[in-house]
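**Student:** Protein chains in written order, with UniProt numbering: chain A, 1 to 208; chain B, 1 to 751.
The structure is given below, and queries will be raised subsequently.
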Amino acid sequence: MKKMIFSLMLFVSVTAMAQSDKYEAAMKKGFAAMDSAKTVMDWQNAAAMFERIGDAEKTQWLPYYYAGLAYSTIGWMNPKGDADANADKIKALCDKAEAIEKNAEIYSLRNMAATQQMIVDPQSRWASYGQEAAAALQKGMELDPNNPRLYYLQGMSVFGTPEQFGGGKEKAKPILQKAVDLFKAEQPKPMYPHWGQKQAEDALAQCQ
Amino acid sequence: MRKFIMFMVLLTTGAQLFAQVTISGKVKDNRGRPVTAATITLKDTYDGAIADSMGNYRFTTTEKGSFLLQFTSTGYKSFEQQITIGNTAMVIDAVLKEELNELKAVTVTAGSFAAGDNKRAATVLTSLDVLTVGGGNADITSAVKTLPGAQQIGEQEGLFVRGGTGAETKQFIDGTLVNNPYYSSVPDIASRGRFLPMLFKGTVFSTGGYSALYGQALSSALILESIDLPEKSTASLGISPIVVNGGFQQLAKNKKSSWGVNYNYVNLIAYFSVVKQTPDYFKMPVFHNADANFRFKTKSGGMIKYYTTFAKGNVGLRRADIDSLELKDAFGLKNINWYNNLSWRENLGHGWKMNLGAGYSTNTDDLTQEIQDQQNKPAYIVDQPWSFGKNFVIKNKQELSQIRAVFEKKMFGISTVRFGGEYMYSVNNTNFNDTFISNLQDHYEALFAETDIYITNDLAAKIGGRFEHSSIINKANIAPRISLAYKVGKGGQISAAYGIFYQKPEYTELAYTTALGYTKATHYILNYQKNTNDRIFRIEGFYKQYDALVKSYPINFYYSRFDNGGSGYAKGIELFFRDKKTIKNLDYWVSYSYLDTKRDFMNYPEQLQPDFAANHTASLVVKRFVINWKTGFNFTYSYATGRPYYNFMYNNDNGTSKFSIADQGKTKDYHNLGFSMNYVPSVGKTNSKVFWVIVASVTNVLGYDAVYGYNYSQDGTNKVPVTPPAKRFFFIGAFFSWGVDRTQDAINGNL
Numbered sequence: 001m002k003k004m005i006f007s008l009m010l011f012v013s014v015t016a017m018a019q020s021d022k023y024e025a026a027m028k029k030g031f032a033a034m035d036s037a038k039t040v041m042d043w044q045n046a047a048a049m050f051e052r053i054g055d056a057e058k059t060q061w062l063p064y065y066y067a068g069l070a071y072s073t074i075g076w077m078n079p080k081g082d083a084d085a086n087a088d089k090i091k092a093l094c095d096k097a098e099a100i101e102k103n104a105e106i107y108s109l110r111n112m113a114a115t116q117q118m119i120v121d122p123q124s125r126w127a128s129y130g131q132e133a134a135a136a137l138q139k140g141m142e143l144d145p146n147n148p149r150l151y152y153l154q155g156m157s158v159f160g161t162p163e164q165f166g167g168g169k170e171k172a173k174p175i176l177q178k179a180v181d182l183f184k185a186e187q188p189k190p191m192y193p194h195w196g197q198k199q200a201e202d203a204l205a206q207c208q
Numbered sequence: 001m002r003k004f005i006m007f008m009v010l011l012t013t014g015a016q017l018f019a020q021v022t023i024s025g026k027v028k029d030n031r032g033r034p035v036t037a038a039t040i041t042l043k044d045t046y047d048g049a050i051a052d053s054m055g056n057y058r059f060t061t062t063e064k065g066s067f068l069l070q071f072t073s074t075g076y077k078s079f080e081q082q083i084t085i086g087n088t089a090m091v092i093d094a095v096l097k098e099e100l101n102e103l104k105a106v107t108v109t110a111g112s113f114a115a116g117d118n119k120r121a122a123t124v125l126t127s128l129d130v131l132t133v134g135g136g137n138a139d140i141t142s143a144v145k146t147l148p149g150a151q152q153i154g155e156q157e158g159l160f161v162r163g164g165t166g167a168e169t170k171q172f173i174d175g176t177l178v179n180n181p182y183y184s185s186v187p188d189i190a191s192r193g194r195f196l197p198m199l200f201k202g203t204v205f206s207t208g209g210y211s212a213l214y215g216q217a218l219s220s221a222l223i224l225e226s227i228d229l230p231e232k233s234t235a236s237l238g239i240s241p242i243v244v245n246g247g248f249q250q251l252a253k254n255k256k257s258s259w260g261v262n263y264n265y266v267n268l269i270a271y272f273s274v275v276k277q278t279p280d281y282f283k284m285p286v287f288h289n290a291d292a293n294f295r296f297k298t299k300s301g302g303m304i305k306y307y308t309t310f311a312k313g314n315v316g317l318r319r320a321d322i323d324s325l326e327l328k329d330a331f332g333l334k335n336i337n338w339y340n341n342l343s344w345r346e347n348l349g350h351g352w353k354m355n356l357g358a359g360y361s362t363n364t365d366d367l368t369q370e371i372q373d374q375q376n377k378p379a380y381i382v383d384q385p386w387s388f389g390k391n392f393v394i395k396n397k398q399e400l401s402q403i404r405a406v407f408e409k410k411m412f413g414i415s416t417v418r419f420g421g422e423y424m425y426s427v428n429n430t431n432f433n434d435t436f437i438s439n440l441q442d443h444y445e446a447l448f449a450e451t452d453i454y455i456t457n458d459l460a461a462k463i464g465g466r467f468e469h470s471s472i473i474n475k476a477n478i479a480p481r482i483s484l485a486y487k488v489g490k491g492g493q494i495s496a497a498y499g500i501f502y503q504k505p506e507y508t509e510l511a512y513t514t515a516l517g518y519t520k521a522t523h524y525i526l527n528y529q530k531n532t533n534d535r536i537f538r539i540e541g542f543y544k545q546y547d548a549l550v551k552s553y554p555i556n557f558y559y560s561r562f563d564n565g566g567s568g569y570a571k572g573i574e575l576f577f578r579d580k581k582t583i584k585n586l587d588y589w590v591s592y593s594y595l596d597t598k599r600d601f602m603n604y605p606e607q608l609q610p611d612f613a614a615n616h617t618a619s620l621v622v623k624r625f626v627i628n629w630k631t632g633f634n635f636t637y638s639y640a641t642g643r644p645y646y647n648f649m650y651n652n653d654n655g656t657s658k659f660s661i662a663d664q665g666k667t668k669d670y671h672n673l674g675f676s677m678n679y680v681p682s683v684g685k686t687n688s689k690v691f692w693v694i695v696a697s698v699t700n701v702l703g704y705d706a707v708y709g710y711n712y713s714q715d716g717t718n719k720v721p722v723t724p725p726a727k728r729f730f731f732i733g734a735f736f737s738w739g740v741d742r743t744q745d746a747i748n749g750n751l
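This is how it looks when you write it as structure tokens:
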């Protein structure tokens, strides 16, 4: 009987292991889908894959995060699309992810969602979505003052703002420099977000 | 143990069998169109797919047994189906129902222009646009006049919409009627509105077919919604040669309440000594204006707002008497106005909303006129027909008290029912030379109900009705209103509106007789609007039938008889195009109105094109912010074809109790190029504590000599054009604000 209990325990742990393997395998499939994504449809497919993983797992924030990241990529790729609907989707995924774990990465998604909504009509949307984007950055930096992606996003926002309005290359440069430094110091964790280093370096190069 | 091994073996072999099953199908919406990118999820598993552009999907799964298959897509209600997965491929199709969404849903745009910062399709202007119309001098009415439907009237205030008089347009603030929305004016000079555009977060200019929630306006309603809490506490100061103002706005630390006070002093002495005016001002215009507000958020997210403004003005001017070469008319006006508005909006839960409003206003005009000689001394004239009514002292006092309640209930989907009532008590006392005294009082009640029905996101109907009763004429009416909107293609929509509108006669008419009925207008409107990100195109056609307009028939030189025997019509086509896209950094809009109207009312002898109606009216508004100069440039060009003018004369001898047309004609075309610029030095200084802006503007840059119409001497031999008091109006001022960085506003406006 003892043996049986032992083997049952073994069996349970094996299935548990298999479960986590299955999660990792599914996530990898999702990463592969993102890596090979070319069209909006491909990205939607990748987003849906991650969202399914998130809904099935219920305790992992990363799938929701990547689903949101895929949608924000769609937002950048497809500026003519319905930015509000897309941003609502991203924010809903952020809410789901945040219910599991509150962290700075999620706020980088919130920043991008609000920025994409602002860009639709900066003139009338600056007050609402511009501030929402800035607030997301601030909140994220409170949660993790050394998150390179937040500095990259902040740098890009300054980079894109005309000099007369307090933006421009000169002002973006130190922020992007900090982002690049933080990227270099970042310890990669398996499956954790690691995007942005190359973009930050390219943007910094443009500031030189 | 053996059993256990057997079990393990079975389990592993089962896993090895690992049969993959394909699930596929098609996702369509309720109109049979494929739902591209719909998400299909086998719930609680990793398996699923998204639908392709044909709505087709396909995925494989190794799961077995009973599962929920879920179909979702933005803008649609999700759909779930229980399936049992065996060993054979499954084909499962789904039909998704559209989800009704307030922002996506079509809104009725027939006859209505919305200004505000919301995302709804009906919005054509932002609040900032209203402020920065070139030469508009931050007057709401000036901005609204750049939209189709409104006439370019310069000799009197008010919005003359689609063949209607200025009195046929009413203004509402947070639901309640505003009795005296403009500063009291002297003859032949338009005055500006009492309320600054900064007070409002939303403006709806309705050129017809407006909601059953509002009444007593035959032609048009200007519906203003006041701002809620300010973002920060601020102090402000404005300095210019004609006006000084200071204000303070305090936001509570918990950001739940705020209060504020402002004071405004206008004095035109210095200005009029530099810019010569045609009339001889013996009393330079001086105005004091103070306002205060208090606003707070209720526990359940509702809002209570109180706004009050007090104004006192004094002006006197002298013009040559039209009937005699050596005499002058000296006209004086003293005005006191106090306006109060209290509103309370609340969410009552279970889909109920409540809007309560109360208002009290009082307005006193002391008007004097006397005939003077060349030495500006009173001239003694034996009473003659031409001098009748030229020496007077008029005291006119108006009071309006009102309460209003509107309840709103969300029904199925986003369909809504609204109903409520209002009660107004108005008093109008006039004393003319102590000889003609009228004290008029009216108790006016209205009940109204309206429903917004959304059949789909693409098709909406608004059906409403209004019951009104006015005690002074002791008559009731029922006014039905219906409008429809239907989406056609991306960003396009067609809407139509029909409605009956009643308005009680003016007090100037009721002073003679209260045996009058409601004047009536019936509106038919058809509208097409196409709205894409940076472009709006609108075309609207309308037909308006006027009935029971008040007519006056002369009994002798001094008295007239009044009845509801008037009638008329107005029809036309209007275009509006706004484009922020074609030319980078340039924002412009174009309005054009064609109007064909005739009416028989007041002392008109027959149906005529009224003297306030031009056949063609057009405006072009151009705005550009030059970032390098930190300066915005705004131009507004307005054009209208000439308006008819008439000299109606009473001829004692012909026996008909009618006026006859002694002379008529058409004024020359009207042109006005307005320009304004605003220099915003603090743009970009994100940390500056003081925000300031210098505003300069001028109307009629090109110096066009406008003629609004003609005044006639009593015998008809002398004809004098009605012209503006000066060719141009110049304004320059500096405005400072501390505490809040309003640079953001400037950026918003110009990025």
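Even for Gly, the Cβ is constructed at its ideal location relative to N, Cα and C.
Since this is a predicted model, take the numbers as computed values, not measurements.
Between the alpha carbons of residue 272/B and residue 221/B, how many angstroms are there, rounded?
**Tutor:** 35 Å
**Student:** Check for me: the beta strand (DSSP E) holding residue 273/B runs from which residue to which?
**Tutor:** First-last for residue 273/B: 269-274, but that is the alpha helix (DSSP H), not the beta strand (DSSP E).
**Student:** Measuring only between beta-carbons, confirm whether residue 207/A sits less than 8 Å from chain B.
**Tutor:** The beta-carbon of residue 207/A is placed no less than 8 Å from the nearest beta-carbon of chain B.
**Student:** Applying a beta-carbon distance threshold of less than 7 Å, which residues of chain B neighbour residue 45/A?
**Tutor:** 50
**Student:** Residues of chain A with CB closer than 7 Å to the CB of residue 46/B, please, in chain order.
**Tutor:** 26, 52, 53, 56
**Student:** Can you tell me which residues form a DSSP beta bridge with residue 219/B?
**Tutor:** Residue 219/B is not bridged to any residue.
**Student:** When the Cα of residue 257/B is compared with those of 62/B, 299/B, 474/B, 378/B, which residue comes out closest?
**Tutor:** 299/B
**Student:** In chain order, what are the residue ranges of uninterrupted alpha helix (DSSP H) at least 4 long that sit wholly in the region 110-164 of chain B?
**Tutor:** 127-131, 140-144
**Student:** Just to confirm my understanding: we take residue 525/B, look at its own chain, exclude 5 residues before and 5 after, and list those with CB closer than 7 Å. What are they?
**Tutor:** 110, 111, 208, 209, 496, 497, 540, 542
**Student:** Hey, does residue 174/A have any beta-carbon neighbour from chain B nearer than 8 Å?
**Tutor:** no
**Student:** Rounding to the nearest angstrom, what Cα-Cα distance links residue 200/A and residue 194/A in this structure?
**Tutor:** 12 Å
**Student:** I'd like to confirm the pairing. Which residues does DSSP put opposite residue 385/B in its beta bridges?
**Tutor:** DSSP, once it has assigned bridges, lists no residue as partnering residue 385/B.
**Student:** Exposed or buried, which one is residue 487/B when buried takes at least 16 other CB atoms within 10 Å?
**Tutor:** buried
**Student:** Counting only Cβ pairs nearer than 9 Å, list the residues of chain A close to residue 627/B.
**Tutor:** 162, 163, 164, 165
**Student:** Where does residue 690/B land, buried or exposed, given buried means 16+ other C-beta within 10 angstroms?
**Tutor:** exposed
**Student:** Distance, Cα to Cα, residue 203/A vs residue 233/B?
**Tutor:** Taking the straight line joining both Cα atoms gives about 38 Å.
**Student:** Pick from 423/B, 335/B, 152/B: whose alpha carbon is nearest that of residue 616/B?
**Tutor:** 152/B
**Student:** Would residue 12/A count as contacting chain B if we go by Cβ distances under 8 Å?
**Tutor:** Note that residue 12/A has pLDDT 44, beneath the 50 cutoff, so the model's placement of it is unreliable and the number below is only indicative. Cβ-Cβ to chain B under 8 Å: no for residue 12/A.
**Student:** Can you list, in chain order, the residues of its chain with a C-beta nearer than 6 Å to that of residue 673/B? Leave out the 5 residues immediately preceding and following it.
**Tutor:** Excluding residues within five positions, the ones whose Cβ falls inside 6 Å are 637, 701, 702.
**Student:** Between residue 180/B and chain E, is there a C-beta pair that is closer than 8 Å?
**Tutor:** The structure shown contains no chain E; its protein chains are A and B.
**Student:** Would residue 86/A be called buried (16 or more neighbouring beta carbons within 10 Å of its own) or exposed?
**Tutor:** buried
**Student:** Checking contacts by CB at 8 Å: is residue 85/A closer than that to chain B?
**Tutor:** yes
**Student:** What number of angstroms, rounded off, separates the C-alpha of residue 165/A from the C-alpha of residue 264/B?
**Tutor:** 32 Å
**Student:** Is it the case that the Cβ atoms of residue 378/B and residue 317/B are separated by a distance below 8 Å?
**Tutor:** no
**Student:** Three or more beta-carbon pairs under 8 Å between the region 188-196 of chain B and the region 460-475 of chain B, yes or no?
**Tutor:** no
**Student:** Looking only at its own chain, which residues have a Cβ that is under 7 Å from the Cβ of residue 553/B, when we skip the five neighbours before and after it?
**Tutor:** Only 560, 561, 657, 658 meet the Cβ criterion.
**Student:** Using 8 Å as the limit for Cβ to Cβ distance, is residue 48/A near chain B?
**Tutor:** Chain B, which has a Cβ nearer than 8 Å to the Cβ of residue 48/A, makes this yes.
**Student:** How many angstroms separate the CA atom of residue 522/B from the CA atom of residue 101/B?
**Tutor:** 32 Å
**Student:** Could you say which of 29/A, 168/A, 75/A lies nearest to residue 90/A if we only look at CA atoms?
**Tutor:** 75/A
**Student:** Can you tell me whether residue 176/A is buried or exposed? The criterion is at least 16 other CB atoms within 10 Å of its CB, across all chains shown.
**Tutor:** buried
**Student:** So does the region 443-455 of chain B actually touch the region 78-94 of chain B, counting three or more Cβ pairs closer than 8 Å?
**Tutor:** no
**Student:** Short of 7 Å Cβ to Cβ, which residues in the region 16-37 of chain B face chain A?
**Tutor:** 37
**Student:** Secondary structure at residue 736/B, three-state DSSP: helix, strand or coil?
**Tutor:** Shown here, residue 736/B sits in a strand according to DSSP, grouped into three states.
**Student:** Report the neighbours of residue 158/A on chain B: residues whose CB is nearer than 7 Å to its CB, in chain order.
**Tutor:** Within chain B, no residue comes near residue 158/A; the closest Cβ sits about 10 Å away, beyond 7 Å.
**Student:** For residue 549/B, does the count of other Cβ atoms within 10 angstroms reach 16, so buried, or fall short, so exposed?
**Tutor:** buried
**Student:** How about residue 398/B and residue 180/B: are their beta carbons less than 8 Å apart?
**Tutor:** yes
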